[in-house]
Every structure is written in structure tokens, then in C-alpha cells.
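Same order as they appear, the protein sequences are chains B and Y.
Take the first sequence: its position 59, counted from the start at 1, is 156 in the numbering used here, and no numbers get skipped.
Take the second sequence: its position 51, counted from the start at 1, is 148 in the numbering used here, and no numbers get skipped.
Glycine included, C-beta positions come from ideal geometry on N, C-alpha and C.
All values derive from a computational prediction rather than experimental measurement.
First up is the structure itself, then whatever we jot down about it.
2 protein chains.
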Amino acid sequence: MEHRIEKIKKQLHSQSYKLTPQREATVRVLLENEEDHLSAEDVYLLVKEKAPEIGLATVYRTLELLSELKVVDKINFGDGVSRFDLRKEGATHFHHHLVCIECGSVAEIEEDLLGEVESQVENQWGFEVKDHRLTFHGICKSCQKQTVAATTTTHMEQ
Amino acid sequence: MEHRIEKIKKQLHSQSYKLTPQREATVRVLLENEEDHLSAEDVYLLVKEKAPEIGLATVYRTLELLSELKVVDKINFGDGVSRFDLRKEGATHFHHHLVCIECGSVAEIEEDLLGEVESQVENQWGFEVKDHRLTFHGICKSCQKQTVAATTTTHMEQ
DNA sequence: GGGTTATTTATAATTGTTATAATTAATAGA
DNA sequence: TCTATTAATTATAACAATTATAAATAACCC
Chain B
98 MEHRIEKIKK QLHSQSYKLT PQREATVRVL LENEEDHLSA EDVYLLVKEK APEIGLATVY
158 RTLELLSELK VVDKINFGDG VSRFDLRKEG ATHFHHHLVC IECGSVAEIE EDLLGEVESQ
218 VENQWGFEVK DHRLTFHGIC KSCQKQTVAA TTTTHMEQ
Chain Y
98 MEHRIEKIKK QLHSQSYKLT PQREATVRVL LENEEDHLSA EDVYLLVKEK APEIGLATVY
158 RTLELLSELK VVDKINFGDG VSRFDLRKEG ATHFHHHLVC IECGSVAEIE EDLLGEVESQ
218 VENQWGFEVK DHRLTFHGIC KSCQKQTVAA TTTTHMEQ
């Protein structure tokens with residue numbers, strides 16, 4: 098944890114930004130909720146718990162800054178709010194997401210998966226790929242199970 | 098064109114919706130600007146040219162409806178506005194996009210590309226894929242050329 | 001320390017979108 | 001055809017997410 102804070106601090110310094118207490122509090126919230134795909138509002142509320150004097154605009158500005166520095170990725174699942182995801186240590190690419198259309202859960206895929214597809218795009222379309230966003234919408238494992246269970250227990254006759 | 102309008106009309110009717118003049122005007126704007134990834138506001142302004150009495154809310158409602166019927170896909174490139182893309186005739190999947198980070202142009206890829214990846218996701222993560230969103234960010238062909246040209250003509254010495 | 005710059009706070013403004021109420025158009029049945 | 005009912009639209013207000021502004025505060029450098 099401290100190690101990752103330290104690293105982010107260096108990233109900020111290298112562009113002559115400072116890790117102010119507010120920014121640090123924001124980063125800590127992101128680290129502590131790494132799996133959660135928080136919205137700016139979510140982050141704001143969590144930061145407020147540990148630093149009640151922080152303003153919403155500061156959180157927005159910090160997230161924007163972290164996004165420019167590629168410390169976080171700003172994602173949008175089409176529900177009207179932007180969400181912020183810490184980029185994993187050492188990861189150079191944007192990770193992928195599995196959004197369940199039943200329960201709304203969001204899982205992550207760290208594996209690249211797109212190597213093949215990207216070189217196809219580069220060769221066939223002459224487009225130099227720098228980054229990508231890939232999201233699958235579908236039914237997650239546990240919702241599939243529930244459907245099966247429900248079907249079984251109700252003894253549906255057709 | 099008329100053929101496609103007719104088809105959309107049927108799709109609406111099949112769910113007991115009507116193709117009102119306002120809805121038709123909206124659909125026509127989408128058909129006439131098929132390559133353009135229009136925002137709701139864009140659509141509104143274009144529709145207003147041919148049917149000045151239409152309201153913004155109606156355009157929003159129509160786009161929402163068309164989106165539910167999978168006539169259009171609602172996409173979001175992270176610039177704060179939703180964009181609406183006609184689904185190509187016969188296409189069952191969401192097409193992909195190449196967004197140029199230099200000039201902002203957006204190109205489309207109709208080919209599926211993800212067949213392999215999707216079965217991998219289904220097998221390895223047990224996630225039943227229903228739909229996907231894939232966007233590549235990078236440098237388009239013409240911006241690549243311009244960079245090369247600029248580098249050449251300025252005779253940069255190091 | 002004094003001046004400059006960066007950052008933050010609080011708040012107002014803006015923007016994209018959605019909800020509401022009144023009106024109009026379409027539809028179905030008597 | 002008249003009437004009742006429902007669907008759709010308009011105009012506008014409300015809302016929610018985000019961004020801009022101005023004043024205050026903190027950090028930094030000479």
C-alpha cells in the first residue's frame with residue numbers, strides 16, 4: 098500500500114505535481130476499493146469519511162489528474178456516470194470488464210486477450226493502436242446458477 | 098432508404114409502437130448521416146431542419162426507443178455525450194470503433210473480430226456473453242502520414 | 001519574511017438528460 | 001360518426017453530473 102502511494106507520488110512529482118493530503122486521501126480510497134469501480138461521487142463520499150473538509154471539485158480534479166497520468170482509467174458503462182479504476186501495477190494496457198445485465202456486477206479481466214485482434218487492426222486497417230476499451234455485457238456465473246436453480250425448484254411444466 | 102424505413106416501421110409495429118412523423122424524421126436523419134456518430138443534440142438540430150416543430154424530448158425518447166429495439170446502438174466515447182449509431186442491416190453484433198486521438202475521427206469495423214475472444218471468456222470465466230463494446234484508441238492512417246510528411250519536410254537534425 | 005505559484009474550498013454555472021403537465025393525435029368501440 | 005381511451009408530443013421545469021470561478025490557503029523559492 099505505502100509502496101504504491103510512494104510510486105504514485107513519484108509519478109506526480111515527475112510532472113511537477115504534488116501529492117497533497119487531499120490527493121493522497123483520494124488515492125488511498127481508490128487503493129482500498131480497488132475492485133469497486135467507484136464513481137466520482139462514491140470516491141467523494143469515501144474520502145469525506147477520512148477527510149471531511151475536502152470538496153467535491155477537488156475530488157473531480159484529482160481524478161482527472163490521475164487519469165491524465167494514467168494512474169487511473171476513466172470508464173463509462175453507459176449509466177451516465179464515469180467510473181475510476183486504478184491501473185494495476187505494471188499493467189500497460191487497460192483491463193477489460195464483464196458487466197452482468199442481471200445483477201449489475203462488474204468483474205475484471207487482466208489478461209490481454211486482444212493481442213491477435215490488435216495486430217489484425219494494425220495490418221488490415223492501418224490504424225496504430227495505442228489503447229483499447231473492451232466490455233462484455235452478459236450473464237455472470239452466479240446469475241446463471243440462480244436461473245438454473247429457479248427453473249429446477251419451480252418444476253416448470255411446459 | 099425507403100426499404101430500411103419500412104423495415105424499422107415493422108419492427109416498431111411488432112412491439113405495438115407507431116412510426117409517427119417525428120420518429121420517421123429522426124430515423125431519416127440517422128439514415129442520412131449513417132457514418133457520423135451523432136449525439137442526441139446533433140440529431141435534434143438536424144431533425145429540426147426538416148421538422149422545426151419537433152421537441153428535444155421527443156428526439157431523446159425516440160432514440161431511447163430505437164435503442165431498446167436494437168435499431169440503434171447507444172455508444173459513449175467518454176466525452177460526456179451519448180452517440181447513436183444505426184445498426185447495419187442484418188448485423189447482430191455491435192460494431193467496433195477506431196477513435197483517432199490526433200484528429201478525433203471515428204471509423205467503424207463491421208467484422209466481428211471477437212469470436213475467438215468471446216468463447217475464451219465463456220469457457221475461462223463462465224460468463225455468458227450477450228453483447229460487447231470494443232473501441233480502439235490510436236492514430237489513424239491519415240494522421241500517421243501527416244506525421245511522416247512533417248518529419249520529412251522539416252529536415253529535423255538531432 | 002515577502003512574493004509568487006499551486007492548490008483547495010465553496011459556490012455558481014453549465015451541460016446532458018429525464019420527468020411533468022397540458023395538449024394533440026390516433027384508435028377502438030358504441 | 002361520436003365518444004372514450006390511450007399513445008405521443010410539446011414546452012418547460014427539474015435533475016444530476018461535471019466544470020468554471022473567485023476568494024482563501026498552503027507551499028515554495030529567492
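Taken through DSSP and simplified to helix, strand or coil, B:L166 comes out as coil. Interface with chain B (8 Å Cβ-Cβ cutoff): Y:C200 is excluded. Here DSSP, grouped into helix, strand and coil, assigns Y:D228 to strand. For Y:H234, the residues of chain B that pass the 8 Å Cβ criterion are V226, K227, D228, H229 and R230, in the order they occur in the chain. Assignment of beta-bridge partners to Y:E205 by DSSP yields Y:H194. Taking a Cβ-Cβ cut-off of 9 Å, the neighbours of B:L195 in chain Y comprise V218, W222, F224 and V226, given in sequence order.
Chain order gives the chain Y residues near B:N173 as N173 and G175, where near means a beta carbon separation below 8 Å. Note that the C-beta distance between Y:S164 and Y:N173 is not below 8 Å. Shown in chain order are the members of the region 147 to 181 of chain Y whose Cβ falls below 7 Å from a Cβ of chain B: K171, N173 and G175. The beta carbon of Y:L135 sits no closer than 8 Å to any beta carbon of chain B.
Between the C-alpha atoms of Y:A148 and B:T232 there is a straight-line separation of about 37 Å.
Separation of Y:T155 and Y:Q119 (C-alpha to C-alpha, rounded to the nearest whole angstrom) is 8 Å.
Straight-line measurement puts the Cα of Y:S202 at about 23 Å from the Cα of Y:T123.
The region 183 to 203 of chain B makes no contact with the region 191 to 205 of chain Y: fewer than 3 CB pairs, one atom from each, lie closer than 8 Å.
For Y:R101, the enclosing alpha helix (DSSP H) begins and ends at E99 to S111. Interface flag for Y:Q119 against chain B is unset, since no Cβ pair is found closer than 8 Å. Around B:K238, the beta-carbon contacts reaching into chain Y at under 8 Å are W222, G223 and F224. Within the DSSP bridge table, the entry for B:K171 names B:F181 as partners. Residue contact check for Y:L210 against chain B: a CB pair falls below 8 Å. Residue state for B:G235 is assigned as strand, using DSSP reduced to three classes. By the Cβ neighbour-count rule, Y:D182 is buried, with 16 or more other Cβ atoms within 10 Å of its own. 8 Å or more divides the Cβ of Y:V168 from the Cβ of Y:R158. Taking a 10 Å sphere around the C-beta of B:E129, we find fewer than 16 other C-beta atoms and assign the residue as exposed. Taking a Cβ-Cβ cut-off of 8 Å, the neighbours of B:Q241 in chain Y comprise G223 and E225, given in sequence order. Taking 4 residues as the shortest admissible run, the region 121 to 164 of chain B contains the following complete alpha helix (DSSP H) segments, listed from N- to C-terminal end: 137 to 147.
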